[in-house]
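Each number in this note's numbering comes from the position in the sequence shown (counting from 1) with 344 added on.
Built from N, CA and C at the ideal position, the CB exists for glycine as well.
Below: the structure, in structure tokens.
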Amino acid sequence: MRGFRKKCVVVTGGASGIGLAVSRRFAQAGARMALLDADADGLRAAEKALLASGHDAWGFPCDVSQENQCTAAMEAILDRYEGIDVLVNNAGITQRGAFVDTRTEVFERVMQVNFFGTLYCTKAAINSLIQRQGMIIVNESIAALTPLLGRTGYSASKHALHGLFSSLRSELHGTGVHVMIVCPGFVRTNLQTRALGCDGEITTHPQSSVGTHQTPDQVAEAIYQGALKQKRLLVLTPVGKASYWVHRFFPGIYEQIMRRQLRDELT
Numbered sequence: 345m346r347g348f349r350k351k352c353v354v355v356t357g358g359a360s361g362i363g364l365a366v367s368r369r370f371a372q373a374g375a376r377m378a379l380l381d382a383d384a385d386g387l388r389a390a391e392k393a394l395l396a397s398g399h400d401a402w403g404f405p406c407d408v409s410q411e412n413q414c415t416a417a418m419e420a421i422l423d424r425y426e427g428i429d430v431l432v433n434n435a436g437i438t439q440r441g442a443f444v445d446t447r448t449e450v451f452e453r454v455m456q457v458n459f460f461g462t463l464y465c466t467k468a469a470i471n472s473l474i475q476r477q478g479m480i481i482v483n484e485s486i487a488a489l490t491p492l493l494g495r496t497g498y499s500a501s502k503h504a505l506h507g508l509f510s511s512l513r514s515e516l517h518g519t520g521v522h523v524m525i526v527c528p529g530f531v532r533t534n535l536q537t538r539a540l541g542c543d544g545e546i547t548t549h550p551q552s553s554v555g556t557h558q559t560p561d562q563v564a565e566a567i568y569q570g571a572l573k574q575k576r577l578l579v580l581t582p583v584g585k586a587s588y589w590v591h592r593f594f595p596g597i598y599e600q601i602m603r604r605q606l607r608d609e610l611t
């Protein structure tokens, strides 16, 4: 089991939702927090709240879809904290709509943030993580392990992340760097209220979901406990776990259930 007191923990997408909840949880464990987010106002508010609670926290504006900004952010963090012990790749966006109606630039935008943004941050931090025998935490989704109707772009980005980090884990074997992949189900955050529609604008189409939504704090606690125990894969929520196992052994049945549960996504 690891401890995180005085460790430098970097969280992307740290201004709200799961990212902010994870930042609070690790800060409560005594970690020194570096929060990255493209939302400068939200980032300042998050930093101020953490500082007011007596935690060591620093917000750094960063659009993870821009490699130069990711590199600059990690360099600034290294200058301030002299190393990175944990990188929590959490920043992401989503989209909803039928593949046949969705513009290709929507897929490009989702991949740029979800996949390449995570790649850029990890690439910029990897040498320090190896030097300090640190940890990489990747917030994927149950969509990284199973198909998800009406979210082909989002699912593609999360499948790509799963391939990248499960392979990177093998490459990092023997370095002391641990990779933990997290697959939440439906969570009550502003991610869905900002979902891109088929035309690239924020969609007004209602979201379909299955099961009870977790809170960001519930997800953050699960991530923290998993990090302490150096878990390899965390699949959260009963529906998420059921989806994972049913799809693994009975993919046809899973797809039939999913089509019925999420059919409104395509109307």
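Under the three-state DSSP convention, the category residue i falls into
| i | result |
| --- | --- |
| A571 | helix |
| H503 | helix |
| R376 | strand |
| A359 | coil |
| V583 | helix |
| Q562 | helix |
| C414 | helix |
Top-ranked residue by Cα proximity to residue i, from the options
| i | options | result |
| --- | --- | --- |
| Y598 | E609, G507, T581 and A586 | A586 |
| F443 | L577, F594, L540 and Q574 | L540 |
| F593 | S360, T537, V563 and L489 | L489 |
| P595 | P491, H503 and V408 | P491 |
Nearest-angstrom Cα separation, counted from residue j out to residue i
| i | j | result |
| --- | --- | --- |
| L395 | W402 | 9 Å |
| T547 | L577 | 31 Å |
| Q605 | Q558 | 18 Å |
| A500 | N483 | 14 Å |
| T496 | D543 | 14 Å |
| N471 | A417 | 15 Å |
| V526 | I421 | 24 Å |
| A453 | Q410 | What sits at residue 453 in the sequence shown is Arg, not Ala. Answer to the nearest angstrom: the Cα atoms are 11 Å apart. |
| G358 | M377 | 10 Å |
| L516 | D608 | 42 Å |
| F590 | V450 | First, the amino acid is wrong: residue 590 is Val here, not Phe. Spanning the two alpha carbons is a distance of roughly 30 Å. |
Bounding residues of the beta strand (DSSP E) (the contiguous stretch that carries residue i)
| i | result |
| --- | --- |
| C542 | Looking at the DSSP string, C542 is not in any beta strand (DSSP E), and its letter there is neither H nor E. |
| A401 | A401 to P405 |
For residue i, the first and last residue of its enclosing alpha helix (DSSP H)
| i | result |
| --- | --- |
| A384 | A384 to A396 |
| G596 | P595 to Q605 |
Going residue by residue through the region 425-460, where are the continuous beta strand (DSSP E) segments of at least 3 residues, counting only ones entirely within it? Complete beta strand (DSSP E) runs here, min 3: 430-433.
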